[in-house]
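Report on one structure; see the data block that follows.
2 protein chains.
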Amino acid sequence: MEQPPLEQLFHHFEQYIRLSDELRTALALKLVFKSFPKGTLIQDANKVGSYSYFIVSGLARGYYLKDGKEISEFFPAENEWCNSPKSFITRRKDIYYLDAIENTETFCLQVDDLVELFDQFPEMERYARLSMGTVFGHLLERIASLRFSSAKEKYDHFMVTYQNIHHRIPLGMIASYLGITQETLSRIRAQK
Amino acid sequence: MEQPPLEQLFHHFEQYIRLSDELRTALALKLVFKSFPKGTLIQDANKVGSYSYFIVSGLARGYYLKDGKEISEFFPAENEWCNSPKSFITRRKDIYYLDAIENTETFCLQVDDLVELFDQFPEMERYARLSMGTVFGHLLERIASLRFSSAKEKYDHFMVTYQNIHHRIPLGMIASYLGITQETLSRIRAQK
DNA sequence: ATGATTATTTGATCCAGGTCAATTACTTGT
DNA sequence: ACAAGTAATTGACCTGGATCAAATAATCAT
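Have a look at this one:
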């Protein structure tokens with residue numbers, strides 16, 4: 037196997053904080069490189085999600101089951117963390133499954149190790165706060181977009197916010213993400 | 037005027053971190069007590085929202101305008117922070133207005149002061165990270181609830197998550213929060 | 001208290017998008 | 001390359017909730 041590209045992850049951190057050599061070393065010791073082939077389950081809703089995965093390459097999906105159907109909720113891609121947020125924070129089970137839409141390479145970090153890092157490196161707290169702020173913004177955007185009245189408006193908004201990766205996500209998943217049926221989405225796409 | 041009830045705010049902090057005397061003093065110096073009579077604007081979307089308000093008593097509302105109509109987005113109440121999240125973080129204008137649904141008493145904190153606190157007190161970073169986690173969970177809940185199929189389901193979910201304050205929020209605001217018309221909400225309420 | 005303003009309810013009509021069903025593309029493994 | 005499974009499209013029909021309109025109830029200022 038290749039040398040895992042830790043530099044990519046470090047670069048991500050440095051968008052928020054300056055990484056000391058000590059912190060680099062500590063991170064390198066705790067991160068485990070892990071690959072998920074396309075279609076594989078990354079996180080099972082029946083288990084506590086004690087891991088967070090930094091995606092080096094590939095594309096994942098968070099979803100839950102409603103009336104037996106998979107409802108897609110988010111699509112973490114390269115340079116984003118992928119986890120079951122509530123489960124990771126509260127250390128309890130939550131409703132979210134995660135799976136790999138594409139072959140996905142990740143660095144895996146255990147919640148206990150993260151907590152240790154928080155205790156040892158105050159700048160990690162800062163990183164967490166600032167990067168959460170980014171995700172926070174996305175969530176607010178998402179909430180606003182979900183209330184766009186028409187299916188077309190929702191789809192248009194999706195195409196803008198996910199312009200880099202929308203073509204990598206199957207239609208059915210996009211439909212459930214938008215809260216519309218795939219038939220409707222298919223028709224919206226047709227009439228362009 | 038009464039002595040502002042700083043203890044209430046300190047108590048809130050202590051749900052996440054232990055407050056040193058130094059941090060208490062620093063907070064006390066930076067927080068400004070401010071009241072908003074019912075109906076008053078707390079934050080104008082045409083200005084950068086450089087303040088965050090900790091609500092001591094009362095009830096507020098975040099909303100934005102869509103096609104000239106007010107769309108309610110969140111209802112911060114006692115012991116919660118009230119701000120225009122994206123504007124506060126990015127220091128740019130955002131779409132959100134905030135107003136007081138009831139007479140509302142707050143402690144006001146300026147973003148620059150908060151940044152100073154982050155630099156001086158690492159435990160403030162931790163507080164921010166942990167309390168953001170709480171709000172994060174609420175947002176995810178909210179996103180899930182917005183996709184409940186029927187208007188009735190959405191309303192039922194609202195009644196559960198806002199069980200303590202739902203009776204204090206006018207029907208029209210609840211309707212826009214749920215993304216349905218007030219007529220529909222009125223009918224749902226009638227048929228119980 | 002009283003009129004004026006604002007919020008809520010109730011009724012009638014209509015359409016966007018859901019459901020059900022069948023057909024046509026794509027994938028994927030052998 | 002082919003069969004089997006999965007994903008996307010297309011068609012016909014129907015319903016939940018939107019819209020428009022008007023009546024009633026609640027709140028507020030004087």
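Residue numbers (our numbering), protein chains in the order written: chain A, 37 to 228; chain B, 37 to 228. All C-beta atoms in this analysis are idealised placements derived from N, C-alpha and C, irrespective of residue type, glycine included.
Rounded to the nearest angstrom, the Cβ distance from E138(A) to R162(B) is 36 Å, too far for a contact under 8 Å. The beta carbons of Y133(B) and A211(B) sit no closer together than 7 Å. With contact defined as three or more Cβ pairs closer than 8 Å, the stretch 39-49 of chain A and the stretch 61-71 of chain A are in contact.
The C-alpha of P112(B) lies about 6 Å from the C-alpha of C118(B).
If you ignore the 5 residues before and after R127(B), its C-beta comes within less than 8 Å of the C-beta of V84, S86, V147, all in its own chain and listed in chain order. In the DSSP assignment, E138(A) falls outside any alpha helix (DSSP H), carrying neither H nor E. Under a criterion of Cβ atoms nearer than 8 Å, the residues of chain A adjacent to P158(B) are, in order, P158, E161. Chain-ordered, the chain B residues with CB closer than 8 Å to the CB of P121(A) read F172, G173, L176. Assigned with DSSP and collapsed to three states, K74(A) falls in coil, not helix or strand. Contact annotation, F184(B) with P121(A): C-beta distance approximately 20 Å; criterion of less than 8 Å not satisfied. E50(A) and F154(B) have their C-alpha atoms spaced approximately 18 Å apart. In the structure shown, the three-state DSSP call for L176(A) is helix. Counting other Cβ atoms within 10 Å of its Cβ, M168(A) reaches 16 or more and is therefore classed as buried. If you draw a straight line from the Cα of E116(B) to the Cα of C144(B), it comes to about 12 Å.
Within the same chain, no Cβ atom closer than 6 Å to the Cβ of E177(A) is found once the five residues on either side in sequence are excluded. Per DSSP, reduced to three states, the secondary structure at L67(B) is coil, with no helix or strand assignment. Measuring C-alpha to C-alpha distances from S222(A) to each of T142(A), L55(A), K188(A), T197(A) identifies K188(A) as the nearest.
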